[in-house]
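Residue numbers (our numbering): -19 to 151.
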């Protein structure tokens, strides 16, 4: 009786399912917004801890965006365009958890100093919470080992950053 928990090496790319594709497809713009939010900080905040945190978030998420773009290319080779209409999620950006709406983005762009810091921290906490929910859904439903590994890393990193941001808000 062969052991069923042993991976079968077929030389094919690692398996993936629609949940993996949805995870990468949705997390890319979610991460891109976190990078955009982080880019607002140096010109608007004088809080060195916040500036360092924004740099850290950007430094973590940009490489993850690049990795997820590679996943989508690998998974969709031979099936046309990775982000074409075949995903059916065209205008659903607003359903992504934790995304900062345009009004809040505009308000952030208009603020400076302590007011900016407070709204930025509140926005990034909920943004991170949304990413963690998305990552946990990938861990529960995804099939691709590399995508699940990335999701686990997102949960660990962003939960730690939320803890830090909540301390900064309370401080």
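Virtual Cβ for every residue (Gly too), placed ideally from N, Cα, C.
Hey, residue 48 and residue 4: beta-carbon distance below 7 angstroms or not?
yes
Straight-line Cα distance separating residue 135 from residue 116
7 angstroms
Are the beta-carbon atoms of residue 11 and residue 36 separated by less than 7 angstroms?
no
Measuring alpha carbon to alpha carbon, tell me which of 7, 80, 16 ends up nearest residue 45.
7
Looking only at its own chain, which residues have a Cβ that is under 6 angstroms from the Cβ of residue 92, when we skip the five neighbours before and after it?
24
When the Cα atoms are used, what is the spatial distance from residue 130 to residue 112?
11 angstroms
Identify which residue in 114, 90, 126, 96 has its Cα closest to the Cα of residue 78.
114
For a test of the three-state rule: what should DSSP assign to residue 26, helix, strand or coil?
coil
Cβ atoms of residue 0 and residue 110: under 7 angstroms apart, would you say?
no
Assign residue 6 to one of three DSSP states: helix, strand, or coil.
helix
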